[in-house]
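Quick note, the sequences are listed as chains Y and C, same order.
Residue numbers for the first sequence, in our numbering: 3 to 262.
Residue numbers for the second sequence, in our numbering: 3 to 262.
Beta carbons are placed, not taken as given, at the ideal position from N, Cα and C, and that holds for glycine.
Source: prediction; values computed, not measured.
2 protein chains.
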Amino acid sequence: MGGLEGNRKVGRLAPVRRTSTVDLIAERLREAVVDGSLPPGTVLGEAELAYQLGVSRGPLREAMQRLTAEGLLVIPRRRGLAVKTMTPEDVRDIHWLRATIEPELGRRLLTLPAADRRAVLAELGTEVKRMQRALRRDDARALGDAYLDFHRVLASWGGSVRLARMLGTLLIETRLCTFSMFEHFEVHRDLVPEHVAFVEALAADDGERFGILVRAHLEAEVRRLLAEPEDAKEDDTDRLLAETPDEPQPLDRLDLPEGL
Amino acid sequence: MGGLEGNRKVGRLAPVRRTSTVDLIAERLREAVVDGSLPPGTVLGEAELAYQLGVSRGPLREAMQRLTAEGLLVIPRRRGLAVKTMTPEDVRDIHWLRATIEPELGRRLLTLPAADRRAVLAELGTEVKRMQRALRRDDARALGDAYLDFHRVLASWGGSVRLARMLGTLLIETRLCTFSMFEHFEVHRDLVPEHVAFVEALAADDGERFGILVRAHLEAEVRRLLAEPEDAKEDDTDRLLAETPDEPQPLDRLDLPEGL
DNA sequence: TATTGTAAGTTTGTCGACAATCTGATTATC
DNA sequence: GATAATCAGATTGTCGACAAACTTACAATA
Numbered sequence: 003m004g005g006l007e008g009n010r011k012v013g014r015l016a017p018v019r020r021t022s023t024v025d026l027i028a029e030r031l032r033e034a035v036v037d038g039s040l041p042p043g044t045v046l047g048e049a050e051l052a053y054q055l056g057v058s059r060g061p062l063r064e065a066m067q068r069l070t071a072e073g074l075l076v077i078p079r080r081r082g083l084a085v086k087t088m089t090p091e092d093v094r095d096i097h098w099l100r101a102t103i104e105p106e107l108g109r110r111l112l113t114l115p116a117a118d119r120r121a122v123l124a125e126l127g128t129e130v131k132r133m134q135r136a137l138r139r140d141d142a143r144a145l146g147d148a149y150l151d152f153h154r155v156l157a158s159w160g161g162s163v164r165l166a167r168m169l170g171t172l173l174i175e176t177r178l179c180t181f182s183m184f185e186h187f188e189v190h191r192d193l194v195p196e197h198v199a200f201v202e203a204l205a206a207d208d209g210e211r212f213g214i215l216v217r218a219h220l221e222a223e224v225r226r227l228l229a230e231p232e233d234a235k236e237d238d239t240d241r242l243l244a245e246t247p248d249e250p251q252p253l254d255r256l257d258l259p260e261g262l
Numbered sequence: 003m004g005g006l007e008g009n010r011k012v013g014r015l016a017p018v019r020r021t022s023t024v025d026l027i028a029e030r031l032r033e034a035v036v037d038g039s040l041p042p043g044t045v046l047g048e049a050e051l052a053y054q055l056g057v058s059r060g061p062l063r064e065a066m067q068r069l070t071a072e073g074l075l076v077i078p079r080r081r082g083l084a085v086k087t088m089t090p091e092d093v094r095d096i097h098w099l100r101a102t103i104e105p106e107l108g109r110r111l112l113t114l115p116a117a118d119r120r121a122v123l124a125e126l127g128t129e130v131k132r133m134q135r136a137l138r139r140d141d142a143r144a145l146g147d148a149y150l151d152f153h154r155v156l157a158s159w160g161g162s163v164r165l166a167r168m169l170g171t172l173l174i175e176t177r178l179c180t181f182s183m184f185e186h187f188e189v190h191r192d193l194v195p196e197h198v199a200f201v202e203a204l205a206a207d208d209g210e211r212f213g214i215l216v217r218a219h220l221e222a223e224v225r226r227l228l229a230e231p232e233d234a235k236e237d238d239t240d241r242l243l244a245e246t247p248d249e250p251q252p253l254d255r256l257d258l259p260e261g262l
């Protein structure tokens with residue numbers, strides 16, 4: 003009788019979460035992208051990468067396709083894989099999209115039952131505290147991670163699987179924007195008070211104010227990221243990546259994700 | 003001098019669009035999904051499908067991963083690939099998302115320069131005419147195709163690559179909703195006047211009205227699709243697919259696309 | 001009769017190998 | 001001296017094959 007307790011409702015076992023190798027590789031690659039071990043413009047050979055991951059090239063190539071569909075990787079012809087370098091246009095696009103999505107998420111959050119709403123606010127509060135601790139330690143990396151998790155919490159409670167997935171990708175792309183524009187993290191002091199204000203607005207049931215604050219934050223981020231538009235990263239890796247033409251692509255049909 | 007004319011600006015040749023095999027396969031699969039040759043719940047073996055497409059299993063598996071990331075396919079463990087069957091919850095999610103996105107697109111369209119705006123209206127008008135012709139012929143298939151293209155035009159002029167890509171996927175998913183709920187197309191008479199009204203609202207610069215109309219249309223679509231929630235498609239293919247549990251999945255972390 | 005155990009068959013998941021292609025540099029020619 | 005052509009090297013794209021895992025059917029037992 004001791005030991006395996008808790009299976010009171012016998013028909014309701016939690017399903018076993020078995021994850022495939024491709025999933026593991028994809029997750030590993032995403033981690034590497036967000037933590038900066040694969041900076042934008044990195045061009046890696048498949049054989050080398052597969053060896054590092056301890057898998058064969060087959061599953062790796064499958065995972066690459068997954069990341070490509072998410073827009074985090076580009077696959078230049080016969081040149082392995084490259085982490086996407088975000089252009090100023092990408093920066094604007096990503097942040098504009100987030101500025102459209104996140105206020106909507108806030109609005110949806112406020113329609114949740116009271117218990118759930120308390121739970122969300124608690125989770126958000128936890129992340130803000132993480133941000134505060136990171137700021138005190140001047141740990142830009144930890145600050146950025148907590149920032150991502152804060153917005154991931156927002157996504158996960160939005161009630162839409164698709165939107166959550168999309169915002170999750172957008173957040174990784176946001177991180178790529180930072181890496182594409184600057185060489186490394188920098189501590190961003192305004193971030194914490196801004197997010198405290200976000201939580202306060204939500205706690206006060208003021209979805210309108212939340213939206214305004216979020217939009218202001220994101221616009222400020224765009225300005226900060228695009229402050230010096232020209233001198234940002236002009237090394238050779240970018241030119242290799244530029245094989246994918248960003249400007250002259252014919253605008254007749256950009257309907258579906260196709261390698262890009 | 004005859005022959006190859008038109009290269010006046012010599013430095014501005016259109017880049018050669020070379021498409022990889024994986025791209026071709028992925029596009030082919032998407033076509034098959036939208037035209038109904040791969041109905042929701044279809045479980046196909048890799049070898050069989052690869053043979054039909056005339057390729058090896060390698061590239062096919064890579065394309066599968068691409069479609070999986072888009073949410074059109076699910077990959078049950080060791081059971082090949084299955085076209086996603088949309089649940090009522092999916093139907094609501096997809097249409098709610100579209101109801102959030104498309105009004106925003108309309109608003110953005112109205113900020114375009116006059117010339118572009120005329121071009122959009124022209125393209126939209128063309129699609130509406132296609133819808134009208136299809137309706138006169140009682141061709142539900144053609145009507146549905148024109149419907150998709152109408153909204154694709156909307157997406158392509160929205161000024162956001164990411165949003166365009168996302169709406170493109172959402173539209174295919176919309177088609178999957180139809181296939182998941184009904185056995186086949188049905189001619190939908192209200193569709194044409196509704197879309198005429200959309201174009202009129204845009205032509206009148208009334209983004210507000212456009213948004214209201216679009217939301218109304220999408221809500222009506224949800225009601226129509228979920229009219230008979232129980233008797234819709236209860237064959238064995240669905241149960242096979244149900245290996246991916248829709249209800250009892252632990253809701254702790256739904257942050258990133260992982261197979262699902 | 002229902003349930004469990006066993007076994008065969010089929011299919012996936014993974015790996016290794018081959019060939020086509022691209023890159024980069026070196027050489028020859030105008 | 002600069003441009004074009006050639007050649008070697010390396011890497012991707014694709015295919016075939018093997019082993020593990022899962023499914024399904026059948027048989028045995030309680």
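Think of a sphere of 7 Å around the beta carbon of Met183(C): no beta carbon from chain Y falls inside it, the nearest being about 18 Å out.
According to the DSSP assignment, Ala166(C) belongs to the alpha helix (DSSP H) that extends over 163 to 183. Assignment of beta-bridge partners to Leu83(C) by DSSP yields Leu46(C). Against Ala71(Y), the close residues of chain C are Arg68, Ala71, Glu72, in the order they occur along the chain (beta-carbon pairs closer than 7 Å).
At a cut-off of 8 Å, the C-beta of Arg63(C) has a neighbouring C-beta in chain Y. Put simply, the CB of Thr113(C) is far from chain Y, with every gap to its CB atoms at 8 Å or more. One alpha carbon belongs to Glu48(Y), the other to Thr128(Y), and they sit about 39 Å apart. Inter-segment contact for the stretch 103 to 116 of chain Y and the stretch 80 to 95 of chain Y is absent: fewer than three beta-carbon pairs are separated by less than 8 Å. In the DSSP assignment, Val24(C) is bridged to no other residue. Of the candidates Leu31(C), Leu145(C), Leu107(C), the residue whose Cα lies closest to the Cα of Leu62(C) is Leu31(C).
Contact of Leu99(Y) with chain C by beta-carbon distance below 7 Å involves Ser162, Arg164, Leu165. By alpha-carbon distance to Val216(Y), the top candidate from Thr171(Y), Tyr149(Y), Leu178(Y), Glu33(Y) is Tyr149(Y). When the beta-carbon positions are compared, Met88(C) and Glu175(C) come within less than 8 Å of each other. Within the stretch 17 to 50 of chain C, Pro17, Arg19, Arg20, Thr21, Ser22, Val24, Asp25, Ala28, Glu29, Arg32 place their CB atoms closer than 9 Å to a CB of chain Y, listed in sequence order.
DSSP places Ser158(C) inside the alpha helix (DSSP H), whose first and last residues are 142 to 158.
Against chain Y, the beta carbon of Met168(C) has neighbours under 8 Å at Met168, listed in chain order. Taking 8 Å as the cut-off, the beta carbon of Ala199(C) is found no closer than this to the beta carbon of Ala71(Y).
At least one CB atom of chain C sits nearer than 8 Å to the CB of Arg79(Y). Taking a beta-carbon distance threshold of 8 Å, Thr102(C) counts as an interface residue toward chain Y. Proximity to Glu125(Y) across Arg138(Y), Phe181(Y), Val155(Y) peaks at Val155(Y), based on C-alpha coordinates.
Under the DSSP assignment, Arg226(C) falls in the alpha helix (DSSP H) whose first and last residues are 209 to 227. Exposure of His186(Y) is indicated by the presence of fewer than 16 other C-beta atoms within 10 angstroms of its C-beta. Within the stretch 52 to 115 of chain C, the beta strand (DSSP E) runs of at least 3 residues that lie entirely inside it are, in chain order, 83 to 85. In this chain, the alpha helix (DSSP H) harbouring His197(C) covers 193 to 205.
Looking at Pro78(Y), Thr171(Y), Arg139(Y), the one whose alpha-carbon comes closest to that of Val35(Y) is Thr171(Y).
Listed in chain order, the non-local C-beta contacts of Ser158(Y) below 8 Å within the same chain comprise Ala166, local neighbours out to five positions each way being set aside.
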